[in-house]
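For reference, the structure discussed in these notes is given below.
Residue numbers (our numbering): 14 to 1229.
What follows is the structure, encoded as structure tokens:
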């Protein structure tokens, strides 16, 4: 819905004067609402006429009585206009249908198809904050026709009053929603574990469905029907109870429940918000008579054709360069190609007077007739009257007279005013005079400033004021003249502005095609210009490819279109050249969905360009297709039409909104981007760089109220620049395939129609009998989906496919940014919530990060307070949490976990952001925290939360501690780096000391031990072995204490030796000679061996030829024989010390002397080498101690043993 369609700018977090936000024409005078408009969707067939019209009579009459009592006799519905589709036949309707102009007031109630989530439940689209009006109330024809809904949803009169309160006064529901993360259906109180969320004057009796956790969606509260007679409020909560007729006021309001109203209206009661509304402020509309008849008067009308009057300035300013020529071509293009068939159009020119060039004429349907109509609409040359003598009011009055003489009256007419602007700012008298001439007669005016000759235009109080008065938008086209010539971009921008002006009043894509692609291709390079555009599944009925040029010679012969399958279309025979609008058109009907490619031969001059525009209409409905859907539309508006907009105003910020819907279904997860393009040129003669910013549908509760409702929004960025004029555009893409259309999962119901007869009389809502009509108890069904919570809880979506849309919102005059905007505060956090981890005594908080200046940038820090009173906490009163996590970038979901040490009741926590200039934002909604005592049998997890990360610190005196310190300053970071570097230096010094000193000592020690081995002294230890040898590295565990022989002393502090290591040199030599008496060949002496290799307890072996292990059996204290496999290339083996009382060891004389490959590790299981290798230990009688010789088994001192009987050298004792 564009701004012009609604006629006002409903305002999110944005502020502004109430009178600029409220719909024009809807007024409360003498307690009665006049100008209420009900719009029936054009897509509904006329078979619904009887049920819809009579159902509206009943529902509105009942709602008027309820409204009068709820407002304490201060408001009711007095007159209502119901606009039915133009194609409805009067013969099918029970009431007369008057053909008249469509009311200019935007519809307060829309009767349309079911919502994909809320189905037939009435709901209101609210995009603004507390006190801001909604967009519209939505009812379905089934709801109006089926009396069963009165039982399942409550009395329709009360239901409608609840929605009217949201729409008109900007209040919100006071009930919770199952599964809603922010507004749950139950909450904790000091005395009850779970209490239904709501507001009532006294406690409500009822029952809760069986559920394990009150946060489950199946857990619901059902009020009792018989014992709640004393419950009289609130209509925003218990509208279905028989005696509820009031709103909660200051005396009955409950500020602690986590309702949407408490969160967004800062814990004020509904009645308090109502009293601040212009309907009731300053003692307006005080209580009326108790016996007043409040039955509304309904008028049923069919809309007359939309009437457009183009009012064009005709002075000498248009006779410069090609301004007039471009203006003629743009108006012609509007009449021939854009204005829907059946509309009426007229043209008025003005200079110092005004005259009619084209009277109101129905727009023909054929191209030839349209072209003849356009030819007669504009003269070929402008007048010679100076600009200073022009009379704008003359042109406007002439247009109004044309509308009045057309037979439908002036109301509902549209004036497209094309002028160079006011030579002087309009005085208040001028504005009043224009308002009396135009807006007071119900005429909409869209100013289009052409051309803007100022190189840096400033905001002015000119004809743009008419857009604010009539609730539309203004547009502007910058002059781009070059000598006596003009750039064709001027003409293209004017064409776009006229098309955007039509879009304000024709949201239906079937009547006005959607712009799906536009692009500029600069000339001067003589190349092939190519691009792509996407036709999504909802479009393709007719695709029109338009190529606009300065001169026909700037377009070469090649204009190609390639469909998504790669097939090139032959466009030569389907091209339509229209030199009167400087365009070439290629129309493709039933276009294939997907990505299309185009190639154009670009011959434009260096100062000109080629412009491509692609428009498409919806595809014809196909009931057999499961993917058939309405066209995806993009509509955008702002929260305030005041001009100029003061960007430094902290009380009235402006929000940009974009609604992306497919019919009535929201499109979620799309990428919506707004762009502010400053008019004029910079010091280098170039255009200013645009300011781009994304819009969010994240339900942060401030600029965006509800997630996944298809409405994307964000505050205008605080631009620090001199006062200037900007063009606001919004574009839509599928966000790399993420965008989805919410589809319905509800089973269609067969309506049970109300049996209205032709003589049916509408309900008469006399105040004196209102109680009798509303005491019947209805079978209320709480499981029915209800709007709107913090998120639209859809479960099924259909991908949109590749998608692109763009729309021009209009001109925004921004002022107040010349000086610093450091005083702009961060935006409000309105989606704070808490999750409790009782076992760990932790609370995890969730919220959406605000900005530094509203919702732009990144804030510096947070401030947090908590107390036991929700309203006090919401005002920032309470104890303070000293530390909190660092703010994330705006729009990012934030999480923070704390230890909670309070167990004495329910606490409420609030947070606010602080900007980098120290400006504090508003306090957030309150998050409810109740921490039970930790279970005595459960270990409390103090190392981290199962929900939110690690936690450090301990529980402080205030009950809250935070796990993360404040961000480190630069000084602290440098100090930490310095300490770390110092530690590294110390470690390096110690490493050098170890290498130079310790290693040297160890080498000296080893050499000394080697000498002791070679030249033994009389004072050696038993066994002649150094027990601290570095090569003795293979360790074995000592035998268990119980296995030791009684009386044998345990050797401590030394490592046990293998049998060989415990023999003296003489024994080794004797054993060697016994085993190998003929080892040494002639002439081979071991004396030639170099003795530079020390003997470290085991024979040295060259690393080139590792020796195999040799088994040695030795006796253990328990009488077993254990094999010790001694690898000849290893360090040393560990065994027990030999004992004089034990037999010595058996040495296998049959062991081969050939070298074998050493195993990778010593086996832990003893084995025998007799008769082949067998696993397992062998227990044999103790052998007789042999007289071994060393040569039988060892190869010494660097002499490698060789296979196949290689010669060996004998070693003497000294060499050993």
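All residues carry an ideal CB built from backbone N, CA and C; glycine is no exception.
How long is the line joining the alpha carbons of residue 878 and residue 888, rounded to whole angstroms? Residue numbering aside, residue 878 sits at position 865 when the chain shown is read from its first letter. Residue numbering aside, residue 888 sits at position 875 when the chain shown is read from its first letter. C-alpha separation (whole angstroms): 10 Å.
Determine the burial state of residue 1207: buried for a count of at least 16 other Cβ atoms within 10 Å of its Cβ, exposed for fewer. Residue numbering aside, residue 1207 sits at position 1194 when the chain shown is read from its first letter. With a pLDDT of only 34 at residue 1207, under 50, the local geometry of the prediction cannot be trusted, and no value is derived from it.
Reduced DSSP category for residue 78 - H, G, I as helix; E, B as strand; rest coil: Along the chain shown, one-based indexing puts residue 78 at 65. Helix.
How about residue 474 and residue 480: are their beta carbons less than 8 Å apart? To locate residue 474, count along the chain shown from 1; it is residue 461. To locate residue 480, count along the chain shown from 1; it is residue 467. Not in contact: residue 474 and residue 480 (Cβ atoms no closer than 8 Å).
Starting from residue 555, follow the beta strand (DSSP E) in both directions and report where the run begins and ends. On the chain shown, residue 555 is found 542 positions in, with the first residue counted as 1. Residues 552-561.
Inter-residue Cα distance where the pair is residue 1269 and residue 495: The requested residue 1269 does not occur in the structure, where the chain is confined to residues 14 to 1229.
Specify, as a first and last residue, the run of the beta strand (DSSP E) that residue 136 falls within. Position 123 of the chain shown, counting from 1, holds the residue named residue 136. Note, residue 136: beta strand (DSSP E), 136-138.
Using only alpha-carbon positions, find the residue among 521, 675, 249 that is nearest to residue 812. Numbered from its first residue, the chain shown carries residue 812 at position 799. For the residues 521, 675, 249, the minimum Cα distance to residue 812 belongs to 675.
Whose C-alpha, out of 919, 864, 814, is nearest the C-alpha of residue 849? Position 836 of the chain shown, counted from the start, is the residue given in the question as residue 849. That would be 919, whose Cα lies nearest to the Cα of residue 849.
I need the DSSP call for residue 169, collapsed to helix, strand or coil. As a first step, residue 169 is located in the chain shown; it is residue number 156 there, counting from the start. Residue state, collapsed to three classes: helix.
Given residue 624, which residues of its chain have a CB within under 6 Å of its CB, disregarding the five upstream and five downstream residues? Along the chain shown, read from residue 1 onward, the residue named residue 624 stands at position 611. Excluding residues within five positions, the ones whose Cβ falls inside 6 Å are 505, 533, 561.
Alpha carbon to alpha carbon, what distance is there between residue 556 and residue 678? For the purposes of this step, residue 678 is taken as residue 665 along the chain shown, with counting starting at 1. For the purposes of this step, residue 556 is taken as residue 543 along the chain shown, with counting starting at 1. Using only the alpha carbons, I get a separation of about 24 Å.
Can you have a look at residue 653 and say buried or exposed, based on whether 16 or more other CB atoms are within 10 angstroms of its CB? Residue mapping note: residue 653 aligns to position 640 of the chain shown, counting from 1. Buried, since its Cβ has 16 or more Cβ neighbours within 10 Å.
Less than 8 Å between the C-beta atoms of residue 457 and residue 485, yes or no? For the purposes of this step, residue 457 is taken as residue 444 along the chain shown, with counting starting at 1. For the purposes of this step, residue 485 is taken as residue 472 along the chain shown, with counting starting at 1. Yes; because the gap between Cβ atoms is below 8 Å, this pair is in contact.
Which of helix, strand or coil does DSSP assign to residue 613? The count along the chain shown starts at 1 and reaches residue 613 at position 600. Strand at residue 613.
Could you give the C-beta distance for residue 692 and residue 649, rounded to a whole number, given that I count them as a contact under 8 Å? Position 679 of the chain shown, counted from the start, is the residue given in the question as residue 692. Position 636 of the chain shown, counted from the start, is the residue given in the question as residue 649. Wrong, their Cβ atoms sit about 19 Å apart, outside the cutoff.
Enumerate in chain order the residues of its own chain whose CB-to-CB distance from residue 501 is below 6 Å, with the five nearest sequence positions on each side excluded. Counting from 1 along the chain shown, the entry for residue 501 is found at position 488. Once the five neighbours on either side are set aside, the close Cβ partners of residue 501 are 563, 621.
Given this structure, state the Cα-to-Cα distance separating residue 893 from residue 925, to the nearest angstrom. As a working note, residue 893 is residue 880 in the chain shown. As a working note, residue 925 is residue 912 in the chain shown. Going from the Cα of residue 893 to the Cα of residue 925 covers about 12 Å.
Considering only residues of the segment 461-496, which uninterrupted beta strand (DSSP E) runs meet the minimum length of 3 residues and lie entirely inside it, listed in chain order? 488-491
Buried or exposed: where does residue 1007 fall if 16 or more other Cβ atoms within 10 Å of its Cβ makes it buried? Numbered from 1 along the chain shown, position 994 holds the residue referred to as residue 1007. Residue 1007 should be labelled exposed.
Member of 441, 426, 87, 334 whose CA lies at the smallest distance from the CA of residue 498: If you number the chain shown from 1, residue 498 lands on position 485. Of 441, 426, 87, 334, the residue nearest in Cα terms is 334.
Count Cβ pairs between the segment 296-310 and the segment 87-98 that sit closer than 8 Å; are there 3 or more? yes
Going by Cα to Cα distance, which pick from 428, 657, 550 is closest to residue 472? One-based indexing of the chain shown puts residue 472 at position 459. Out of 428, 657, 550, 657 has the C-alpha closest to the C-alpha of residue 472.
How is residue 812 classed by DSSP in three states: helix, strand or coil? If you number the chain shown from 1, residue 812 lands on position 799. Residue 812 falls in the strand class under three-state DSSP.
DSSP three-state label for residue 690, please. Reading the chain shown from its first residue, position 677 is the one you call residue 690. Residue 690 falls in the strand class under three-state DSSP.
Could you round the C-beta distance between residue 706 and residue 725 to whole angstroms and report it? I think they count as a contact, below 8 Å. The residue labelled residue 706 in the question sits at position 693 within the chain shown. The residue labelled residue 725 in the question sits at position 712 within the chain shown. Contact flag wrong, Cβ pair sits at about 11 Å.
Assign residue 747 to buried or exposed, taking buried as 16 or more other Cβ atoms, counted over all protein chains shown, within 10 Å of its Cβ. Counting from 1 along the chain shown, the entry for residue 747 is found at position 734. Residue 747 should be labelled buried.
Runs of 4 residues minimum, wholly inside the segment 869-918: which ones carry the alpha helix (DSSP H) assignment? 883-887
From the DSSP output, in three-state form, read off residue 162 for me. Taking the chain shown and counting its residues from 1, one reaches residue 162 at position 149. Note: residue 162 maps to helix in three-state DSSP.
Residue of 349, 278, 217, 258 minimising C-alpha distance to residue 239: Counting from one through the chain shown, the residue named residue 239 turns up at place 226. Nearest option by C-alpha distance: 217.
Whether residue 63 touches residue 107 by CB criterion (8 Å): Locating residue 63 in the chain shown gives position 50, counting from the first residue. Locating residue 107 in the chain shown gives position 94, counting from the first residue. Cβ atoms of residue 63 and residue 107: closer than 8 Å.
Just tell me which of 663, 490, 361 has its CA closest to the CA of residue 404. Along the chain shown, read from residue 1 onward, the residue named residue 404 stands at position 391. Considering only alpha carbons, the answer is 361.
Neighbourhood of residue 903 by C-beta, 7 Å cutoff - its chain only, sequence neighbours within 5 removed: On the chain shown, position 890 is the one that residue 903 refers to. Here the set comprises 862, 863, 864, 868, 869, 870, 871.
Quick check: what's the CA-CA separation for residue 854 versus residue 84? Numbered from its first residue, the chain shown carries residue 854 at position 841. Numbered from its first residue, the chain shown carries residue 84 at position 71. Going by the C-alpha atoms only, they are around 47 Å apart.
Between the segment 540-553 and the segment 584-600, are three or more C-beta pairs nearer than 8 Å? no
Local Cβ density within 10 Å of residue 58, reported as buried at 16 or more and exposed below that: Against the chain shown, residue 58 aligns to sequence position 45. Exposed.
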